[in-house]
Amino acid sequence: MSERQSIPERLGHDFLRALYHMIHTIRMYQDNNQLVRTSVSSFQNILHQLTAGGDISIVLYRSRFHLGGEKLTYRRETAVVVYNMAEFFSKRGIGSVNFLASSRDVLPESIISFTRLFNDAIKYENPHQWLEQKLSEQEFTWVEISPKQDNDTTYLSESMEDNRYEKARRMYFHAIETVKEVANKASHGMVGLRKSRRLAQNIVELIQEDEALMIGLTTLKDYDDYTYSHSVNVTLLATCLGRHIELSDISLEHLTICGLFHDLGKVDVPKEILLKSGALTDKEWDLMKAHPFMGVRKILMLNATPSLRSRIILGPFEHHLNPDMTGYPRTLFIGHLSLIGKILRIADVYEVLTAQRGYRPISLTPDEVLRKMWGEAGKSFDTILLKRFIHMMGIYPIGSFVELSDGSIGLVMDYPDETERALPLILRLVNDETGSWQSGDLIYLADQIIKDDTDRLNIVRVIPQTKLRINPSDFFLHLK
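If you want it as structure tokens, here you go:
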């Protein structure tokens with residue numbers, strides 16, 4: 054075979070995405086389903102381009118895919134696809150799939166049959182051996198598979214064991230425990246900040262690596278321990294906003310610490326008041342309004358340098374104050390809000406309004422919350438910062454459940470193009486035989502623009518989480 058020309062980078066990613074979409078679609082539907090036919094047609098169109106110069110192999114090596122001998126570089130819009138396909142190959146013991154030039158002439162039915170075998174191989178003790186035997190018995194002469202090498206399997210399993218989802222999960226629950234520890238120890242004496250600073254640095258790094266995943270984590274609400282999960286969620290939202298306005302790393306670290314400690318004062322508010330479903334009495338409301346003062350008192354007891362304490366006191370004190378200085382606590386010695394105070398104000402209100410609370414009769418969807426907040430821009434929130442926050446979250450905020458034009462349900466996972474926040478990456482959800490929702494295929498709405506109106510998918514509406522009774526964070530952490 055003559056030496057093939059270099060494969061365009063975009064085409065390589067399109068091929069992997071088409072393969073991923075076809076595998077998931079065929080797993081969910083019968084052969085004659087139009088979605089199956091469309092996914093196979095898209096895959097064959099790209100395969101036809103790739104095999105124009107001869108055979109083409111897709112190889113998994115050290116959790117990275119290589120196509121035609123060239124490594125597919127990291128791209129944010131296909132990062133989840135790459136991870137899922139690496140896991141798919143690895144679980145079946147497959148190191149490579151070689152599509153021969155003769156694959157250009159195969160019928161769609163043959164592609165479907167091969168994909169079903171590829172899916173089913175996971176059911177057997179030795180998936181690769183079973184699949185190889187079936188391909189031979191059924192005379193699939195246009196495709197070849199090779200096993201994964203032992204050393205590569207070891208590398209991948211270690212990589213997956215400590216992947217970004219597990220790191221994010223560990224960070225989240227470590228953050229909750231850290232806030233609890235500081236709150237309890239600060240009530241009984243001095244407590245150091247070394248662990249909190251390391252945690253803050255870790256949060257900043259994770260947000261810089263994968264902001265969408267961190268925003269997705271904020272859909273995790275622990276209603277039995279709401280004060281602490283709320284503090285962590287506000288921290289993630291605030292630090293993401295700080296990144297969007299290009300704060301320095303040290304400023305992001307200070308903002309993160311402020312987020313973690315912004316509600317320390319609520320530890321001294323009785324739980325029956327915090328969780329009360331009815332209206333608070335005047336006495337209860339006075340106690341609630343005092344929590345920023347009580348939080349500052351705890352921060353002053355932290356074992357930190359005066360310089361650091363001075364940087365992390367103001368934000369927690371101000372997070373219930375409006376730009377016009379209304380709100381609480383009432384103060385005469387602050388003329389205007391600090392930047393951190395303004396950021397925490399936005400993050401705090403968004404997190405509270407998107408939580409399902411007993412005292413709120415109507416639950417709002419994330420997009421409704423953003424519209425409600427925008428209606429109070431300038432009065433309750435800094436207009437410029439709120440505009441940046443809305444752009445960061447997207448028209449359909451990350452973590453929203455949506456109905457697509459084909460009737461399917463999806464979860465907004467990311468906006469891969471940071472300059473365009475109307476066309477998200479959506480994880481389609483599938484209702485299995487037990488009635489529970491599971492992860493389906495990924496759909497990037499930006500790819501739908503070039504399709505005919507009849508084939509193009511778009512968002513019809515946002516669905517309240519309470520109607521589906523599922524937790525979005527399960528899908529961000531790959532628990533479903």
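The working numbering puts the sequence shown at residues 54 to 533.
Heads up, the beta-carbon is just placed ideally off N, CA and C, and yes, glycines get one too.
With a threshold of 16 other beta carbon atoms within 10 Å, Ser360 falls short and is exposed. Rounded to whole angstroms, the gap between the alpha carbons of Thr292 and Thr309 is 6 Å. Only exposed fits Leu385, as fewer than 16 other CB atoms lie within 10 angstroms of its CB.
Per the DSSP secondary-structure output, Gln491 pairs in a beta bridge with Val483. Here Phe171 is buried, its C-beta having at least 16 other C-beta atoms within 10 Å. DSSP, read as helix, strand or coil, puts Ala430 in strand. Restricting attention to Tyr225, Arg251, Lys319, Lys336, the CA atom closest to the CA of Leu290 is found in Tyr225.
In the structure shown, Ser110 falls within a strand segment according to DSSP collapsed to helix, strand and coil. Secondary structure in the stretch 156-236: the alpha helix (DSSP H) runs of 4 residues or longer, each lying completely within the stretch, are 161-173, 180-190, 203-214 in chain order. At a Cβ-Cβ threshold of 8 Å, Gly394 and Leu423 do not count as neighbours. For the pair of segments examined, the stretch 230-248 was found not to touch the stretch 185-198: the number of CB pairs separated by less than 8 Å stays below three. Taking the Cα positions, Arg398 is about 48 Å away from Glu123. The residue among Tyr403, Asp494, Phe442, Gly488 with its C-alpha nearest the C-alpha of Met466 is Asp494. Residue environment: Trp490 is assigned as buried (16 or more neighbouring CB atoms within 10 Å of its CB, all protein chains considered). Taking all protein chains shown into account, Arg251 has fewer than 16 neighbouring C-beta atoms within 10 Å of its C-beta and is therefore exposed. Exclusion of the five residues before and after Ile109 leaves Leu103, Gly121, Phe152 as the residues of its chain whose Cβ lies within less than 6 Å of its Cβ.
The three-state reading of DSSP puts Lys329 in coil, since its state is none of H, G, I, E or B. At a Cβ-Cβ threshold of 8 Å, Val159 and Tyr73 do not count as neighbours. Contact between Gly318 and His344 holds: CB atoms are separated by about 4 Å, below the 8 Å threshold. In this structure the stretch 264-279 lies against the stretch 447-455, because at least three pairs of beta carbons, one per stretch, are closer than 8 Å. In this structure, Asp339 is the residue among Glu456, Asp339, Val513 with its C-alpha nearest to the C-alpha of Pro382. If you draw a straight line from the Cα of Arg90 to the Cα of Arg481, it is about 18 Å long.
For Ile175, same chain residues with a beta-carbon under 8 Å away, outside a window of 5 residues either side, are Lys144, Arg145 in chain order. Cβ contact annotation for Lys351 (same chain, cutoff 6 Å, sequence separation greater than five): Ala239, Leu317, in chain order. When DSSP states are grouped into helix, strand and coil, Tyr497 belongs to the strand group. Here the alpha carbons of Glu325 and Ser149 stand approximately 59 Å from one another. The beta carbon of Met347 sits closer than 6 Å to those of Gly318, Asp321, all from its chain and outside the five residues before and after it, given in chain order.
According to the DSSP assignment, Asp467 belongs to the beta strand (DSSP E) that extends over 462-467. For Phe346, the uninterrupted alpha helix (DSSP H) segment begins and ends at 344-353.
It is roughly 7 Å from the alpha-carbon of Leu100 to the alpha-carbon of Phe68.
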